[in-house]
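Residue numbers (our numbering): 565 to 754. Down below is the structure, laid out as structure tokens.
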């Protein structure tokens, strides 16, 4: 019912499951730049209750240490990770993790830690939603029409090009909508 069983069920000794989250939020999906990246806080609480009751949730650092030492991994071992370092992990997920005494690892984008801003991926997602019509953009010599329908392809392309090329394309995209508004739940943790 929670979507956890297929990921964790039947794990034998010697294997661990690493569950990767991005954000946990109490905001309505229409207020999020990437709604599918941010799990609803109530569903997250249900998942953590399930994990706390049925699995051995350990810190990622401990799992890595066991693997490096050649130790046997116990059955039903799970690690929790959060990518991108969204502030909503601290605001919404951390109290639930503490409630169930579950460890987790938060991976942050070091260049954004002190900026109190959004990651470039969230910024262009917001631009895509705000554009009145698709925007012509060149990414490493490939011309695309950038908009809501082409956002996934643009993201993949922007991740794959050198930083300087990404910055050139981002300047064009972000220049199309000068005021993106407040970051909301897309704000990075400090």
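The beta-carbon is built from N, C-alpha and C at its ideal position, and this holds for glycine as well.
Beta carbon of residue i nearer than 7 Å to that of residue j
i, j, result
"residue 703", "residue 721", "yes"
"residue 601", "residue 587", "yes"
"residue 719", "residue 692", "no"
"residue 753", "residue 683", "no"
Whole-angstrom distance between residue j and residue i, CA atom to CA atom
i, j, result
"residue 690", "residue 584", "23 Å"
"residue 741", "residue 658", "34 Å"
"residue 696", "residue 580", "46 Å"
"residue 636", "residue 681", "42 Å"
"residue 628", "residue 706", "40 Å"
"residue 729", "residue 712", "21 Å"
"residue 738", "residue 732", "10 Å"
"residue 724", "residue 610", "36 Å"
"residue 605", "residue 726", "36 Å"
"residue 717", "residue 744", "21 Å"
"residue 597", "residue 652", "13 Å"
"residue 747", "residue 694", "14 Å"
"residue 616", "residue 667", "10 Å"
"residue 608", "residue 624", "19 Å"
"residue 646", "residue 665", "16 Å"
"residue 638", "residue 603", "28 Å"
"residue 632", "residue 674", "26 Å"
"residue 698", "residue 592", "26 Å"
"residue 708", "residue 688", "14 Å"
"residue 671", "residue 710", "29 Å"
"residue 595", "residue 634", "46 Å"
"residue 669", "residue 630", "16 Å"
"residue 749", "residue 626", "30 Å"
From the options, residue whose alpha carbon lies closest to that of residue i
i, options, result
"residue 590", "655, 578, 672", "655"
"residue 686", "592, 582, 599", "599"
"residue 614", "661, 638, 646", "661"
"residue 663", "632, 612, 631, 699", "612"
"residue 735", "708, 597, 745, 701", "701"
"residue 751", "710, 676, 708", "676"
Taking 8 Å as the cut-off, does the segment 608–620 touch the segment 640–650 (at least 3 CB pairs, one atom from each stretch)? Cβ pair count under 8 Å is three or more, so yes.
Quick one: complete beta strand (DSSP E) runs, 3+ long, within the segment 639–692? 641–646
Residue ranges of each beta strand (DSSP E) run of no fewer than 3 residues wholly in the segment 569–626, ordered along the chain? 580–585, 587–589, 602–604
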